[in-house]
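In order, the protein sequences belong to chains F and Y.
Every letter in the first sequence is one number past the one before it in this note's numbering, and letter 6, counting from 1, is 6.
Count along the second sequence from 1, then add 637; that gives the number in this note's numbering.
From the three backbone atoms N, C-alpha and C, an ideal C-beta is built for every residue, glycine too.
Report on one structure; see the data block that follows.
2 protein chains.
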Amino acid sequence: MRTGIATVCLSGTLKEKMQACAIAGFDGIEIFEQDLVTSSLSPEDIRKMAADLGLTLDLYQPFRDFDSVPEDLLAANLRRAEAKFKLMSRLGMDTILVCTNVGTATIDDDSLRAEQLARLAGLAGDHGVKVAYEALAWGKYVNDYEHAHRLVQTVDHPNLGTCLDSFHILSRDWDTTPIEGFSADKIFFVQVADAPKLSMDVLSWSRHYRVFPGEGQFELAKFMGHVVRAGYTGPVSLEVFNDVFRQSDVERTAVDAMRSLIWLEEQSAKWLDANAPASADPAAGTAGRRRYPMELATLPQVAEPAGFNFAEVKATDPAGLEKVLGQLGFEFNGRHRTKDVQLWSMGHARVIINEQDPGVTGPAPAIAALGFDVDSPVIAAARAQQLKAPAVPRKSQADEEVFQGFAAPDSTEVFLCQGSPDGTAAWTREFGEGLEVPPAGGQNAVIDHVNLAQPWQHFDEAVLFYTSALALEPQPFAEVPSPSGLVRSQVMLTADRAVRLVLNLAPVIQQDGADSGTAHRKTYQEHIAFAVDDLVETARGARDRGLDFLQIPANYYEDLDARFDLDPAFLATLRELNLLYDRDADGEFLHFYTATIGSVFFEMVERRGGYDGYGAPNAPVRHAVQYDHLHQPGRST
Amino acid sequence: MRTGIATVCLSGTLKEKMQACAIAGFDGIEIFEQDLVTSSLSPEDIRKMAADLGLTLDLYQPFRDFDSVPEDLLAANLRRAEAKFKLMSRLGMDTILVCTNVGTATIDDDSLRAEQLARLAGLAGDHGVKVAYEALAWGKYVNDYEHAHRLVQTVDHPNLGTCLDSFHILSRDWDTTPIEGFSADKIFFVQVADAPKLSMDVLSWSRHYRVFPGEGQFELAKFMGHVVRAGYTGPVSLEVFNDVFRQSDVERTAVDAMRSLIWLEEQSAKWLDANAPASADPAAGTAGRRRYPMELATLPQVAEPAGFNFAEVKATDPAGLEKVLGQLGFEFNGRHRTKDVQLWSMGHARVIINEQDPGVTGPAPAIAALGFDVDSPVIAAARAQQLKAPAVPRKSQADEEVFQGFAAPDSTEVFLCQGSPDGTAAWTREFGEGLEVPPAGGQNAVIDHVNLAQPWQHFDEAVLFYTSALALEPQPFAEVPSPSGLVRSQVMLTADRAVRLVLNLAPVIQQDGADSGTAHRKTYQEHIAFAVDDLVETARGARDRGLDFLQIPANYYEDLDARFDLDPAFLATLRELNLLYDRDADGEFLHFYTATIGSVFFEMVERRGGYDGYGAPNAPVRHAVQYDHLHQPGRST
């Protein structure tokens, strides 16, 4: 699959955009006109730079408001088009995007439109230019891709073809199956964009909220499947208008974009395989994709992870973490034989404390890394690498287990571990004397979920990252009120719920002169939640060992009683132990939080029945109490 | 008018919110349930704190999903309601908001609904509570305020009345006139919110985009006029769900909120005067408002400003500014006789350079203050003060003119000056020998517009501020692409265009670890634009004096020619002098920019015919060139 991207997707100057696209590995780019007009580079400079960078210049765009106009305006439009054709010749470009008219169309007549498009195609032919005609979802008379394609067929000129843009088609919920019936030689260009399903006017949705494939909710693999079946072999090019991407680091965004196409290519091949026509040889699993001329590369295949292997917290002073883990009932399993790390565990829940050099003034305790159980760490690492995940070197002595790892968009390190059927981990032998699982006298526990704060400019990137590299499934996002603003919360999970990762986009109160960049992690705390079988017992033990629980306000329990009409003895237990409670049609959820150490805290949970949530109605209580602690002068956090 | 605000409008804890409301001068508050549930304050603490702060507790809200349910669910809902009634008794509150059912309604039957509401009203009566029933715009069966009020009338119970919320009514475009027919004793509460007109689902619009009155596009004065005519005298209370306000400084937002109600009160009185019924005594100008029991205070009245009196730029090293102003053709008029400030002018365009103490490492040159010509500076200052604009002290010697001034939300100082019919300013006598206007040999000029960067968390506040304190009119906002992202641009102007102020919300590229707070002004440059009669002559003079023009790319002129088919000689002149050009149905616009000094640059413009814009199609070119300069290592900015 030939990959492309429109320069409008990225921040920076045209030169910066082109360099970032080359670094990210794109085959070609679309030149968005404004990027050229505002550039100090001449067309010849741009042509040479693209050649030097190994980028093809695939599409000049957009040319607006051409058709369905009176003759005098048409003449002016043809003159305007000719100027652009001449410019394209200097750029060495041969395809221009012409959108259906939005602003100046006054005549709704398909035969007139066809005649006007024929004149444009003739002029384009004189200049060696191909016109790719695209139906904008909000075009005045032509806003349906099949309508635009009928005009292309009517004109039947070698220099006029169709441009298919997934946003304009899927935003209107149009069936994409008819694409298969289009002649490949009449599809001049294919643009792809994903988007969250929003109920708003299509123009605003398109201009601000498009995202890269895999970051939204459109059925893009199906769209691409039909395009491939039509026989199209040209570029598949991203055109994503997104307010955040336009102000994010250009190289970072280009890599995110490239990852989305690599993933889409794989998904498209899978869709073709899964939807192979009956005539295909059923013995050939890849028959679906092999019948068509577009070459579709795939990636090393991984199943979803079988669980969390460990969570790692870093600290220059580990005393606070040691104390809280001990109070929760974790056992100290020893220090690593060669590294400054400690292992703590409760059954299959393993926490590594990574002691940072105390000579350096380091950050307060924070979540540093997560280990996931996978079938094959090597294959999973190969997949992640092909998806352009930055590898993380893990120093190791001979005879110690080497973890394959990479950095997630928020810089959390993700390690791929060899899972075991009984939930143990071989590497724990490198600590102390080895472990008994479950430890004598203690409860069993597992990591239930991990809640990570995401910088706002990397939120969509993180969703695609965990989807593509770790095979987690994004759930519909929720918004949780906090005293600092709404927290956007996105759950990513495996089908069996063995891994639940919660990505939170956290606001920061904007006090004038405050530094919102570095304040981010400081204010929004991350946590690791452990599931146990008997939360009341766990809480009693922790209380007896002196744990500093997050103190839940009395008002909460009164509201809880008003909502759920609880048994008084049960309510008294919740109140006594600072437990929170939720209930839905599937089951019940009990949980409590520790106070925060640095930027990390812990949660203990018990799931009863089929309860599948995270106590969302209780999240505002947690946020409010944590905010209160953070803003109380003199209180240690 | 009794003023109120719902705690959900603000950031922080309940305690912080209540304190901020008291400081801002509200009469009362609505307690949003979540703020109470998450608070460590007991109901008795809250009651005492409100009393100590002089705040009445006007409304407990919301109580959701009560009516239109089967009997078993109704029993649970009544139990839930009774728990809240008891809580309200501890809080000393007597009114609760009950919304029409969204989530659990299954029976669409008005007589059943009336019966269920009657049972609720009876229970409320037992506890001394009044139920204010509100139609949510997305209520399942009841989503129209007249429908909700018919139910209230049917039940006809002293403890059941209507709550009117301007958002739920105006978002659905419902006529507000019928409110006048409601009995005052059946309107239990009135909530006001403004909003920009957005085409999206009402729930998302309501939950994220409400703004304070004067910051959106709803006809709130008319809504309030009908409420006043109905005889309502209770609180007029803000309920504004806004993502930005929820994460902004709580005291700042509370003042913004209070300003919006002071302004709405005045606008409502004006609407009543302007729409007084024919039976009113035409000799009494305020007869419209005086006929009704609600007391409506008004403000000192000001006309829109007659023009800019001056612009002030501050700098520790004024050399760069002096050089550019001289090259543009400004004359140096001398230094102030007692202060470290210089005056430069070109005709009626006056620029003050305020020299900062060079011993202090101060900021790079930046726009510090704007002077506006008003009829009466004292009255205008009194109005601004009543609108809670923070006063700015202006030190002055005896016999010198004293400026009344206040700080705008972005901290630009705004001074109110006595205008003169001939465009001169008396205070200029304090500089050198006085001025000849227009200066011999030079062109005349005026300040055409000033373009200020706004911090994102104060953008809506700034719109209301200039609307209410300076009588500027907000225009529909535009979005301009720049290499750092989309710039949101809001023009505020006087009807005669003598004052044009452009408020820009500028993005900042988010490089990891960068400090977006302080980077804000550094990256986004502000400017002062001067209008002259002959821009080509001005540009030639400036070029001959060696001005460093913002260099416009050659590609721009080719695109300009493609779009406008310009006379070749004219195009050559534009190109030669780095002039930009725009044209619309009303006229033409020529302009050029200087290079940037610190965070400020200058623009010279010529308006031909009735051109009323700012060359918006050219703004991306300016942004791109300025971005390029800022990011070229070694280039001085």
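Separation of F:GLN116 from F:LEU74, as counted between CA atoms: For the purposes of this step, residue 74 of chain F is identified with residue 74 of the first sequence, where counting begins at 1. For the purposes of this step, residue 116 of chain F is identified with residue 116 of the first sequence, where counting begins at 1. Using only the alpha carbons, I get a separation of about 8 Å.
The beta strand (DSSP E) enclosing Y:MET837, as first and last residue numbers: As a working mapping, residue 837 of chain Y is identified with position 200 in the second sequence. Element bounds for Y:MET837: n/a, residue is neither H nor E.
Through-space distance from F:ASP243 to Y:GLY944, alpha-carbon basis: Locating residue 944 of chain Y in the second sequence gives position 307, counting from the first residue. Locating residue 243 of chain F in the first sequence gives position 243, counting from the first residue. Each residue's alpha carbon lies about 36 Å from the other.
Ordered list of beta strand (DSSP E) runs contained in the stretch 1097–1146 of chain Y, each at least 3 residues: 1115–1119, 1122–1130 and 1137–1142
F:GLU266, buried or exposed, once every other Cβ within 10 Å from all chains shown has been counted against 16: Within the first sequence, numbered from 1, the residue matching residue 266 of chain F stands at position 266. So F:GLU266 ends up on the buried side.
The stretch 125–143 of chain F touching the stretch 95–106 of chain F, judged by at least three CB pairs closer than 8 Å: yes
Cutoff 8 Å: F:ASP45 Cβ touching any chain Y Cβ: Mapped onto the first sequence, residue 45 of chain F falls at position 45. No, because no Cβ of chain Y sits closer than 8 Å to the Cβ of F:ASP45.
Sub-8 Å separation of F:ALA132 and F:PHE189 beta-carbons: For the purposes of this step, residue 132 of chain F is taken as residue 132 along the first sequence, with counting starting at 1. For the purposes of this step, residue 189 of chain F is taken as residue 189 along the first sequence, with counting starting at 1. Cβ distance < 8 Å, so F:ALA132 and F:PHE189 count as in contact.
Cutoff 8 Å: F:ASN354 Cβ touching any chain Y Cβ: As a first step, residue 354 of chain F must be located in the first sequence, where it is residue number 354. Taking Cβ atoms only, chain Y never reaches closer than 8 Å to F:ASN354, which makes this a no.
Chain Y contact for F:MET93 (CB, 8 Å cutoff): In the first sequence, residue 93 of chain F corresponds to position 93, counting from 1. Not closer than 8 Å to any Cβ of chain Y, the Cβ of F:MET93 fails to qualify, so no.
Proximity below 8 Å, CB of F:THR3 to CB of F:VAL236: As a first step, residue 3 of chain F is located in the first sequence; it is residue number 3 there, counting from the start. As a first step, residue 236 of chain F is located in the first sequence; it is residue number 236 there, counting from the start. Cβ distance < 8 Å, so F:THR3 and F:VAL236 count as in contact.
Per DSSP, the bridge partner or partners of Y:VAL950: Within the second sequence, numbered from 1, the residue matching residue 950 of chain Y stands at position 313. Partner(s): Y:ILE990 and Y:ILE1004.
Any C-beta of chain Y under 8 Å from that of F:THR710: Because residue 710 of chain F is not part of the residues shown, which for chain F are 1 to 637, the question remains open.
For Y:MET983, three-class secondary structure by DSSP: Position 346 of the second sequence holds residue 983 of chain Y. Strand at Y:MET983.
Beta-carbon proximity list for F:GLY613, same chain, < 8 Å, skipping 5 on both sides: As a first step, residue 613 of chain F is located in the first sequence; it is residue number 613 there, counting from the start. Contacts found: ASP582, ASP584 and PHE589.
Validate contact between the stretch 1080–1097 of chain Y and the stretch 1130–1145 of chain Y using beta carbons, cut 8 Å, 3 pairs: yes
Cβ contact (3+ pairs, closer than 8 Å) linking the stretch 1238–1247 of chain Y and the stretch 1200–1213 of chain Y: Touching, no.
At least three beta-carbon pairs within less than 8 Å, the stretch 840–856 of chain Y to the stretch 817–825 of chain Y: no
For Y:THR1155, three-class secondary structure by DSSP: By one-based count along the second sequence, residue 1155 of chain Y stands at place 518. Because Y:THR1155 sits at a pLDDT of 37, beneath the cut-off of 50, its placement in the model cannot be relied upon, and the following sentence gives the value as read from the coordinates. When secondary structure is reduced to three states using DSSP, Y:THR1155 falls in the helix class.
F:VAL240 and F:ALA137 closer than 8 Å at C-beta: Within the first sequence, numbered from 1, the residue matching residue 240 of chain F stands at position 240. Within the first sequence, numbered from 1, the residue matching residue 137 of chain F stands at position 137. No. Outside cutoff.
Residues that F:MET200 contacts on chain Y, provided the C-beta gap is smaller than 8 Å: As a working mapping, residue 200 of chain F is identified with position 200 in the first sequence. Those within 8 Å of F:MET200 in chain Y are LEU835, SER836, MET837, ASP838 and SER841.
Any chain Y beta carbon closer than 8 Å to F:GLY12: Counting from 1 along the first sequence, the entry for residue 12 of chain F is found at position 12. Taking Cβ atoms only, chain Y reaches closer than 8 Å to F:GLY12, which makes this a yes.
Distance CB(F:GLY288)-CB(F:ALA274) smaller than 8 Å: Position 288 of the first sequence holds residue 288 of chain F. Position 274 of the first sequence holds residue 274 of chain F. Yes. Within cutoff.
Counterpart residues of F:ILE528 in DSSP-defined beta bridges: Here residue 528 of chain F corresponds to residue number 528 of the first sequence, with the count starting at 1. The partner list for F:ILE528 (beta bridge, DSSP) reads F:VAL450 and F:PHE602.
Beta-carbon neighbours of Y:LYS721, restricted to chain F and to distances below 8 Å: As a working mapping, residue 721 of chain Y is identified with position 84 in the second sequence. What Y:LYS721 touches in chain F: ALA562.
Cutoff 8 Å; reference Y:GLY862; Cβ partners in own chain excluding five residues on either side: Start at 1 with the first residue of the second sequence, and residue 862 of chain Y comes out as number 225. Around Y:GLY862: SER905, TRP908, LEU909 and ASN912.
Test: Y:THR644 CB closer than 8 Å to a CB of chain F: Translated into the one-based positions of the second sequence, residue 644 of chain Y becomes position 7. Closer than 8 Å to the CB of Y:THR644 there is not a single CB belonging to chain F.
Chain-ordered neighbours of F:GLY485 on chain Y, where CB pairs are closer than 7 Å: Taking the first residue of the first sequence as 1, we reach residue 485 of chain F at position 485. Within 7 Å of the CB of F:GLY485, the CB atoms of chain Y belong to SER648, ASP880, ARG883 and GLN884, in sequence order along the chain.
F:GLN638 classed as buried or exposed, judged by whether at least 16 other C-beta atoms fall within 10 angstroms: The structure shown has nothing for residue 638 of chain F, since chain F only spans 1 to 637.
Unbroken stretches of the beta strand (DSSP E), 3 residues or longer, contained in the stretch 719–773 of chain Y: DSSP runs (the beta strand (DSSP E)) wholly in the stretch 719–773 of chain Y: 732–736 and 767–771.
For Y:ASP1223, three-class secondary structure by DSSP: Against the second sequence, residue 1223 of chain Y aligns to sequence position 586. It is coil, neither helix nor strand.
Interface flag, Y:GLN1269 vs chain F, CB-CB below 8 Å: Mapped onto the second sequence, residue 1269 of chain Y falls at position 632. No - not a single Cβ of chain F is within 8 Å of the one on Y:GLN1269.
Nearest neighbour of Y:ALA720, chosen from F:MET258, F:PHE564, F:ARG290 and F:ALA369 [CA to CA]: By one-based count along the second sequence, residue 720 of chain Y stands at place 83. Cα-wise, what sits closest to Y:ALA720 is F:PHE564.
Residues near F:MET93 by beta carbon distance below 6 Å, same chain, minus five either side: If you number the first sequence from 1, residue 93 of chain F lands on position 93. Counting only Cβ-Cβ distances below 6 Å, and skipping sequence neighbours, we find LEU57 and TYR60.
Own chain, CB closer than 7 Å to F:ALA382, minus 5 neighbours either side, in chain order: Here residue 382 of chain F refers to the residue found at position 382 when the first sequence is read from its first residue. Excluding positions up to five away in sequence, the list reads PRO300.
Proximal residues to F:MET49 (C-beta, below 8 Å), its chain only, five neighbours per side dropped: Your numbering for residue 49 of chain F matches position 49 in the first sequence. Once the five neighbours on either side are set aside, the close Cβ partners of F:MET49 are LYS15, MET18 and LEU41.
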